[in-house]
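Residue numbers (the numbering used here), protein chains in the order written: chain A, 502 to 798; chain B, 38 to 453; chain C, 421 to 712. Glycine included, each C-beta is placed from N, C-alpha and C at the ideal position. These figures come from a predicted structure and were not determined experimentally. Read through the structure below, which is laid out as structure tokens, and then see the notes.
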Amino acid sequence: MIRQGEVDFRTRLQNWIPKVVLSPSLAMVLVFVYGFIFFTIYLSFTDSRILPSFGLVGMENYSKLWRLSHWTTSLTNLGIFAFFYITVCTALGLALAIFLDQKIRGEGVLRPIYLYPMALSFIVTGTAWKWFLDPGIGLEHTMHLWGWTSFKFDWIKNRDFAIYTIVLAAVWQTSGFVMAMFLAGLRGIDNEIMKAAQIDGASNWNLYRRIVIPLLRPAFLSAFVILAHLAIKSYDLVIALTGGGPGRATELPATFMYSYTFTRNQMGIGASSAVIMLMTIAAIMVPYLYAELKEKS
Amino acid sequence: MRYFNKKLVIVAALMATTGTAQAADVEVLHWWTSGGEAAALNVLKDDLANQDIGWNDMPVAGGGGESAMTVLRARVTAGDAPTAVQLLGFDILDWAAEGALANLDAVAAQEGWDAVVPPALQNFAKYDGHWISAPVNVHSTNWVWANKGILDDLSIDEPSSWEEFVAAMQKVQDSGKTALAHGGQAWQEATMFDGVVLSVGGVDFYRKAFIDLDPAALGSQQMVEAFNRMATLRSFVDDNFSGRDWNLASAMVINDEAAFQIMGDWAKGEFLNAGKVPDRDFLCFRVPGSAGAVSFNSDQFAMFNVSSPEAQAAQGEMARAIMSPTFQSAFNVVKGSVPARTDVPNDDFDACGKKGMTELAAASARGTLVGSMAHGHANRAAVKNAIYDVVTAHFNGEYDAETATEELVTAVDLAQ
Amino acid sequence: MSSAQTQSVRTGRVTRSFIYLFLLVSALFYLLPFFIMLLNSVKPLGEITGGNMMAMPEVFTLEAWKAAWSTAQVGVEPTGLRPYFWNSIKMVVPAVFISTILGALNGYVLTKWRFKYDTILFGLMLFSCFIPFQIVLIPMARILGIVGLSGSTYGLILVHVVYGVGFSTLYFRNYYAAFPTELVRAAQIDGAGFFQIFYRILLPSSGPIIVVCVIWQFTNIWNDFLFGASFASGSGAPMTVALNNLVQSSTGVKEYNVHFAGAILAALPTLLVYIVAGRYFVRGLMAGSVKG
């Protein structure tokens with residue numbers, strides 16, 4: 502950036518300033534993120550129970566973990582949850598974005614309506630969702646009172662369907678954000694490309710399918726990464742809606758990890774499940790980061 | 038223990054210099070945030086205020102203390118433990134084993150706690166022979182709460198055996214009402230399981246299974262029978278039970294929608310709040326088949342290590358105030374439980390409270406007072422939750438009784 | 421960064437009606453939970469427990485709102501949520517400010533003062549956005565204890581800055597990547613220093629991304645429960661902890677109308693931020709993080 506001849510004290514200082522400015526953030530991240538990750542990995546090989554302890558027990562926690570049917574259940578649930586959550590959120594977000602992009606009257610009103618759930622935590626909305634989904638006082642009850650007596654909506658009470666109510670609430674919370682990402686992507690597309698395609702006589706359907714959606718590839722990727730990591734971290738939502746029940750039908754790895762670490766006093770097993778979650782997140786994130794950063798630099 | 042004591046010293050020094058807590062204050066971590074409970078705690082707060090001891094309130098509600106336990110861990114790890122913490126059962130002993138709790142022997146000796154606290158309770162308030170915690174109350178879990186109006190209408194007598202109980206529930210169900218009000222949360226199912234296991238095998242079987250964790254008892258035919266009884270109870274529950282809070286289940290009994298609820302004695306508060314009178318509007322009796330046995334749990338305030346002499350003095354005063362007969366009576370009348378000492382007069386208690394006090398004293402004398410598995414007084418948190426897993430999975434139809442019994446043996450084994 | 425609409429898509433009347441219908445039905449879906457909360461917060465308790473959650477209130481009352489704000493039992497004190505509201509403000513404002521400034525400076529360094537391995541450092545920082553917070557609780561508590569910040573608002577601010585800086589760096593880096601480097605070079609040749617360039621040239625045109633970053637950090641920090649409950653002292657606890665105590669009270673009568681009113685009160689600041697600044701949100705996203 503700076504030509505060789507000008508290297509005097511001032512420019513040398515200027516060369517150091519950027520690194521000095523960056524270093525506090527970097528130091529924080531190294532200690533509070535990577536330091537803690539290594540601490541967790543270490544804990545996963547110890548016999549920690551109520552508090553961290555440093556007696557090494559080798560792989561025992563991991564072998565216990567995989568023998569717990571509780572853990573495999575929560576992994577299966579995560580698979581179902583993540584698949585539907587990511588697909589539905591992406592589809593709904595994309596549809597809303599494309600429709601909103603058609604010079605809609607009242608876009609200024611609709612957009613914040615789609616976005617606002619992002620602003621609320623599930624401590625706030627959990628009670629309302631629980632109510633709404635409860636057949637005894639919620640939607641089903643209301644429909645009955647309104648005369649539609651054969652209406653049935655008892656998913657939250659049903660072992661096979663409860664996980665989909667979690668999907669529903671999660672989609673409600675984040676699909677607006679996905680919509681905003683796609684909308685931003687759509688607004689960034691060059692109008693000339695669209696015009697050219699239309700002059701060629703492409704139908705709206707083909708225009709979007711062949712041209713617009715492929716151009717949104719970066720938005721799809723960002724959405725996928727954000728949704729995937731939110732799915733793995735999902736915790737508040739489950740606690741607020743079902744507490745993991747009925748039975749263990751909505752137990753997820755995040756709730757599993759929390760409960761083993763903090764309520765069951767089996768911190769070693771909790772740490773080993775955290776390590777597996779971290780590895781999963783890394784498996785999604787590292788290739789993405791690699792591709793993204795390589796492209797840009 | 039390990040790195041802990043050293044850390045406590047360092048941080049104690051820090052605390053002294055930064056002075057984040059005033060010397061003569063007590064900081065109290067608890068999860069009693071609802072109206073009645075908070076009112077009861079206020080009695081204690083005022084007691085202490087009279088002695089110029091300030092009360093730094095630190096409530097963390099949620100999940101029967103689960104969130105509070107997370108916070109406690111963070112605070113102790115930071116070396117900044119609260120003065121007093123509401124704790125249950127084995128958690129107290131686990132913290133004592135970490136060397137985090139203070140010694141209350143001086144106050145205990147002055148006040149003669151050894152003579153008035155039931156021995157079964159002392160097991161959780163003492164560690165290594167030293168007092169570490171002040172019990173506030175004794176709850177018991179093997180209670181049935183019944184709507185008297187419904188029973189009278191259907192001319193059902195108070196059932197005294199399991200068979201009579203099943204017949205009574207059948208009669209209620211035939212009449213179109215819900216027989217058993219229940220909230221489908223793991224701890225509520227486990228609370229019923231306490232009573233059911235006592236009704237199947239009595240105190241001996243309960244001890245072998247839940248306290249000694251004897252694999253033979255856990256995998257026995259009696260355990261299969263216990264799971265079968267749970268399935269019977271499941272068949273008398275309405276369709277909408279899953280996830281329901283326990284107080285909403287109590288409300289069903291109060292509002293004449295359901296006849297019975299199996300729940301600990303904290304449920305009584307709901308009935309009293311609704312203006313119901315024991316023996317006139319509702320009945321309280323032990324889970325049929327478990328009469329004579331009492332499965333208890335006790336809320337205690339464990340005292341954590343504090344450094345300054347002033348803080349230690351305040352801590353001692355707090356422990357003394359908790360154990361005073363007036364507080365024990367005032368608090369437990371509100372809370373629905375019974376006092377943690379046996380010499381408190383029962384004048385202020387209602388019929389169910391008096392019954393609870395008599396039965397507790399009798400069970401303590403006969404040796405049929407056992408710690409509640411569901412509420413962490415039979416075994417450590419890991420084992421408790423492992424049993425929860427199996428009980429709730431079975432109750433929700435994931436296992437049949439035989440599989441549940443096998444799973445129980447495995448789960449308990451893995452949790453140790 | 422104008423929000424140019426795509427001009428060229430033409431749609432027929434039937435398609436348009438369908439689009440409007442879809443958008444309106446979705447809007448209802450998004451509004452429903454909030455509507456239920458609002459509706460039931462102005463009913464007396466008796467009307468809620470016996471009745472229909474969707475029914476209009478027969479008696480309209482603001483008692484629940486007053487109770488939630490100033491008289492409801494939160495712990496042993498009947499203080500309502502009011503004191504905790506200020507605790508949250510005291511924590512959120514500095515934390516958002518610091519993490520945004522740090523993010524802006526980091527983004528500036530990472531795009532305009534590049535050096536060897538800077539992308540790797542950025543990748544390392546970015547990964548911090550994705551760790552589950554439950555695992556950091558215990559080690560964080562130890563560190564806060566060692567530096568003497570346990571149970572204080574400063575400790576909480578530190579924690580939120582640490583875990584917020586990854587996202588804010590991401591936003592600013594992507595935004596500044598599109599900013600013409602020639603301008604920075606020119607200013608350098610004119611003798612402007614590191615901070616001068618940042619202050620005079622980059623900052624004035626950073627409006628949209630500052631809005632995105634502030635919205636993001638504000639909502640995340642305001643809504644945090646886990647750190648607030650673990651690292652604040654009792655009377656210094658943030659709003660979410662108090663709300664949780666109000667709503668989750670383990671036993672006793674559940675005053676749903678007060679719970680709903682309290683929940684809305686706790687959410688008001690974030691809602692306000694979204695409604696006031698929301699229109700810049702898409703614009704900011706468009707300018708920065710997605711196109712990259």
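Test item: CB-CB of residue i and residue j under 9 Å
| i | j | result |
| --- | --- | --- |
| B/Met260 | B/Met229 | no |
| B/Ala430 | A/Gln767 | no |
| A/Arg765 | B/Ala419 | yes |
| A/Lys658 | B/Phe368 | no |
| C/Asn664 | B/Val381 | no |
| B/Ala351 | B/Leu85 | yes |
| C/Leu504 | C/Val516 | It is Tyr, not Leu, that sits at residue 504 of chain C in the sequence shown. Cβ distance not < 9 Å, so C/Tyr504 and C/Val516 don't count as in contact. |
Residue i - DSSP class collapsed to helix/strand/coil
| i | result |
| --- | --- |
| A/Ala629 | helix |
| A/Val610 | helix |
| B/Trp180 | strand |
| B/Leu320 | strand |
| A/Trp656 | helix |
| B/Trp467 | With chain B covering 38 to 453 only, the question about residue 467 of chain B has no answer from this structure. |
| C/Ala598 | coil |
| B/Gln59 | With a pLDDT of only 43 at B/Gln59, under 50, the local geometry of the prediction cannot be trusted, and the value read off the model is given with reservation. Looking at B/Gln59 - three-state DSSP - the assignment turns out to be coil, as it is neither helix nor strand. |
| A/Glu752 | coil |
| B/Ala415 | coil |
| A/Gly745 | coil |
Contacts around residue i, its chain only, beta-carbon distance under 8 Å, and the 5 residues preceding and following it disregarded
| i | result |
| --- | --- |
| C/Leu544 | none |
| A/Ser622 | Asp737 |
| C/Phe701 | Val631, Val632, Ile635 and Tyr694 |
| B/Phe161 | Gly126, Phe127, Ile129, Leu130, Ser170, Pro172, Ser335, Gln337, Gly408 and His414 |
| B/Gly306 | Gly73, Val371, Lys372 and Gly373 |
| C/Ala561 | Ser570, Ser650 and Phe651 |
| A/Phe566 | Before going further, note that residue 566 of chain A is Leu rather than Phe in the sequence given. So the qualifying residues of the chain are Trp572, Ile770, Ser773, Ser774 and Ile777. |
| C/Thr639 | Thr690, Val693 and Tyr694 |
Same chain, Cβ closer than 7 Å to residue i, neighbours up to 5 away in sequence not counted
| i | result |
| --- | --- |
| A/Gln515 | none |
| A/Thr751 | Asn578, Ala663, Ile664, Ile667, Val739, Thr743 and Gly745 |
| A/Phe555 | Thr547 |
| A/Ile614 | none |
| B/Thr70 | Pro96 and Ala98 |
Within chain A, the residues that residue i reaches when beta carbons sit closer than 8 Å
| i | result |
| --- | --- |
| C/Asn472 | His642, Thr643 and Leu646 |
| C/Gln637 | Result: empty, since nearest Cβ-Cβ is about 12 Å, beyond 8 Å. |
| C/Ala447 | Leu611, Ile614 and Tyr615 |
| C/Thr431 | Gln603 and Asn705 |
Where residue i meets chain C, residues with beta-carbon distance less than 7 Å
| i | result |
| --- | --- |
| B/Leu78 | Val496 |
| B/Thr114 | Ile558, Ala561, Arg562 and Gly565 |
| A/Gln767 | The contacting residues do not exist; A/Gln767 stays about 14 Å from chain C at best. |
Within chain C, partners of residue i - CB distance below 8 Å
| i | result |
| --- | --- |
| A/Arg718 | Near A/Arg718 there are no residues of chain C at all, since even the closest Cβ is about 11 Å away, more than 8 Å. |
| B/Lys82 | Val496 |
| B/Asp117 | Gly565, Ser570 and Gly571 |
| B/Asn422 | Result: empty, since nearest Cβ-Cβ is about 17 Å, beyond 8 Å. |
Own chain, CB closer than 6 Å to residue i, minus 5 neighbours either side, in chain order
| i | result |
| --- | --- |
| A/Gly627 | Ala741 |
| B/Ile248 | Ala415 |
| B/Val181 | Phe297, Ile299, Phe322 and Val324 |
Contact list for residue i against chain B, beta-carbon separation under 9 Å
| i | result |
| --- | --- |
| C/Asn665 | Trp68, Thr70, Pro96, Val97, Ala98 and Gly99 |
Contacts that residue i makes with chain A (C-beta to C-beta distance below 7 Å)
| i | result |
| --- | --- |
| C/Gly543 | Leu790 and Leu794 |
9 Å Cβ cut-off: residues of chain C touching residue i
| i | result |
| --- | --- |
| B/Ser31 | Examination of residue 31 of chain B is not possible in this model, given that chain B is present from 38 through 453 alone. |
| A/Gly677 | Tyr450 |
Residues that residue i contacts on chain B, provided the C-beta gap is smaller than 7 Å
| i | result |
| --- | --- |
| C/Ala649 | Val97, Ser104 and Val108 |
| A/Leu569 | Leu451 |
Segments assigned alpha helix (DSSP H), at least 4 residues, entirely inside the stretch 542-573 of chain A: If we require 4 residues or more, the alpha helix (DSSP H) runs fully inside the stretch 542-573 of chain A come out as 561-568.
Item to check | Any alpha helix (DSSP H) of 4 or more consecutive residues that is wholly inside the stretch 81-136 of chain B | outcome: As for any alpha helix (DSSP H) of minimum length 4 sitting wholly inside the stretch 81-136 of chain B, the runs are 103-114 and 126-134, ordered along the chain.
- Task: Any chance you could list the alpha helix (DSSP H) runs of at least 4 consecutive residues sitting entirely within the stretch 445-523 of chain C, in chain order?
- Result: Unbroken alpha helix (DSSP H) runs of no fewer than 4 residues, entirely contained in the stretch 445-523 of chain C, are found at 465-470 and 483-486, following chain order.
| query | At which residue ranges does the stretch 673-743 of chain A contain complete alpha helix (DSSP H) runs of 4 or more residues, listed in the order of the chain? | reply | Taking only runs of at least 4 residues, the alpha helix (DSSP H) segments lying wholly in the stretch 673-743 of chain A are 692-700, 718-734 and 737-742.
Any alpha helix (DSSP H) of 4 or more consecutive residues that is wholly inside the stretch 264-349 of chain B | Entirely contained in the stretch 264-349 of chain B, the alpha helix (DSSP H) runs reaching 4 residues are, in chain order, 283-291 and 304-310.
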